[in-house]
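Protein chains in written order, with UniProt numbering: chain G, 1 to 163; chain P, 1 to 163.
One structure is given here, and the rest of the page talks about it.
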DNA sequence: AATTTATGTCAATGAGGCTGACATATCTTC
DNA sequence: GAAGATATGTCAGCCTCATTGACATAAATT
């Protein structure tokens, strides 16, 4: 059941009062996080647009540069997407000469992924404006706050699922 | 240990060294931010899926609840999307009884947006797991760090464009 | 009356996800 | 050595959410 989740009986009264922070809900941080992320990804988006790439390419280039030799399976696990989704993006990056595949030395079924020199340069170029933005956001912050921010971001992640 | 083979004709050299933090680039925070946001939006995503809604509906419901009486133009400005993109999402929310439109009292061309009671409840239900996640990430943090995190997130936003 | 503004809508497009099905090469196991 | 499992690739189709362009309507402004 529950075909219609929303009530449709007559005209529900519109509420005119803003939804404010309560003891349980902190809307302020929720919004801050939304806006911060929106603007954070806008810098690389603008650069990528010129090459006809998108956010998906950025993520792949970033992680392959951070973990050269990672396999396709590793990448799928990190990005939490399907291999079909990855395929198109990865192929474009390989065809454009930013990433190379090398058969695994132990297990030759594996395709180990490495950045090329220009792949490394691209990753750095994309990270640069983001880093400047981060540095600007940290201006005047104490070492304690800087560490606190890292701890906070880290704590926002899902806990490991036992399996 | 992976070994670099010699340069091959026409094939760019794959780089085997990981890209590390430098004085200019802080990859650690870039990644922390990526993972934090990915998991942050996963909670509401799971709830919305049941009603056939998506992230776009979430954003609209959230801001209309925070700013009852905002116009369509206000919403477009906040979300930085086009009115064609907003139209479908907004229509679904109105049809489902989560949001109501009221002609502006001064300017009757305007459509002022208000949440209904169930729209308010939906916004709260979506914010709840996010708030719990934030609270968990703040566990044991000093008041200084909490304020520092807000300052950081706030500093990540684009500065106002002069116009 | 003419123009501008706020909004709505139709049509087409694209990026980036998804599922299902199947192919290939390689490794592991019996 | 045959059979099965694993890592990857690929084809085909579908979905959501964004885009642009063009045009429609109603109301405000000049």
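Just so it is clear, CB atoms sit at the ideal spot from N, CA and C, and this is done for glycine as well.
Source: prediction; values computed, not measured.
Exercise. Establish whether the CB of residue 116 of chain G and some CB of chain P are separated by less than 9 Å.
Key: yes
Exercise. To the nearest angstrom, report how far apart residue 36 of chain P and residue 85 of chain P are at their CA atoms.
Key: 26 Å
Practice problem: Report the neighbours of residue 124 of chain G on chain P: residues whose CB is nearer than 7 Å to its CB, in chain order. | Solution: 25
Quiz item: Of all the CB atoms in chain P, is at least one closer than 9 Å to the CB of residue 71 of chain G?
Solution: no
Quiz item: When the Cα of residue 109 of chain P is compared with those of P:115, P:47 and P:101, which residue comes out closest?
Solution: P:101
Exercise. Quick one: which unbroken beta strand (DSSP E) runs of 3-plus residues sit fully inside the UniProt domain "HTH marR-type" (26–158) of chain P? Chain order, please.
Key: 99–103 and 111–115
Practice problem: Starting from the beta carbon of residue 127 of chain G, find every residue of chain P whose beta carbon is closer than 7 Å, and list them in chain order. | Solution: 25, 27 and 30
Practice problem: Answer with buried or exposed for residue 22 of chain G, where buried requires no fewer than 16 other C-beta atoms within 10 angstroms of its C-beta. | Solution: exposed
Quiz prompt | Cβ-based neighbour list, residue 130 of chain P, same chain, cut-off 7 Å, excluding 5 preceding and 5 following | solution = 40, 43 and 44
Quiz item: Is it the case that the Cβ atoms of residue 47 of chain P and residue 126 of chain P are separated by a distance below 9 Å?
Solution: yes
Quiz item: So, are the CB atoms of residue 71 of chain G and residue 112 of chain G less than 9 Å apart?
Solution: yes
Self-check item: Under 7 Å from the C-beta of residue 148 of chain G: neighbouring residues of chain P
Solution: 141, 145, 148 and 149
Self-check item: Rounded separation between residue 152 of chain P and residue 143 of chain P - CA only
Solution: 14 Å
Practice problem: Give the interface partners of residue 54 of chain G over in chain P, defined as CB-CB distance under 7 Å, in chain order. | Solution: Residues of chain P passing the Cβ test: none, with the nearest at roughly 15 Å.
Quiz prompt | Close-in-space but distant-in-sequence residues of the same chain around residue 146 of chain G (CB under 8 Å, 5 per side omitted) | solution = 138
Quiz item: Can you check whether the CB of residue 29 of chain P is closer than 9 Å to the CB of residue 81 of chain G?
Solution: no
Exercise. Within 10 angstroms of the Cβ of residue 9 of chain P, are there 16 or more other Cβ atoms? Answer buried if so, exposed if not.
Key: Confidence in residue 9 of chain P is poor, its pLDDT being 42 and thus under 50, which makes the residue's placement unreliable; the coordinate value appears in the next sentence. So residue 9 of chain P counts as exposed.
Self-check item: Pairwise C-alpha distance: residue 89 of chain G and residue 154 of chain G
Solution: 28 Å
Quiz item: What's the call for residue 52 of chain P, buried or exposed, on a 16-neighbour Cβ count within 10 Å?
Solution: exposed
Quiz item: residue 17 of chain P versus chain G: which residues are under 7 Å apart at the beta carbon?
Solution: 68
Quiz item: With burial defined as no fewer than 16 other Cβ atoms inside 10 Å of the residue's Cβ, what is the status of residue 3 of chain G: buried or exposed?
Solution: For residue 3 of chain G, the predicted model reports a pLDDT of 40, less than 50, meaning its position is unreliable; a value from the coordinates is still stated below. It counts as exposed.
Self-check item: Beta-carbon gap between residue 103 of chain P and residue 61 of chain P smaller than 9 Å
Solution: no
Quiz item: Are the Cβ atoms of residue 15 of chain G and residue 105 of chain P separated by less than 9 Å?
Solution: no
Quiz prompt | Contacts that residue 170 of chain P makes with chain G (C-beta to C-beta distance below 7 Å) | solution = The structure shown does not extend to residue 170 of chain P, since chain P is modelled only from 1 through 163, so no value can be given for it.
Quiz item: To the nearest angstrom, how far is it from the Cα of residue 117 of chain P to the Cα of residue 19 of chain G?
Solution: 11 Å
Exercise. Using 10 angstroms around the beta-carbon of residue 136 of chain P, count the other beta-carbons present and answer buried if the total reaches 16, otherwise exposed.
Key: exposed
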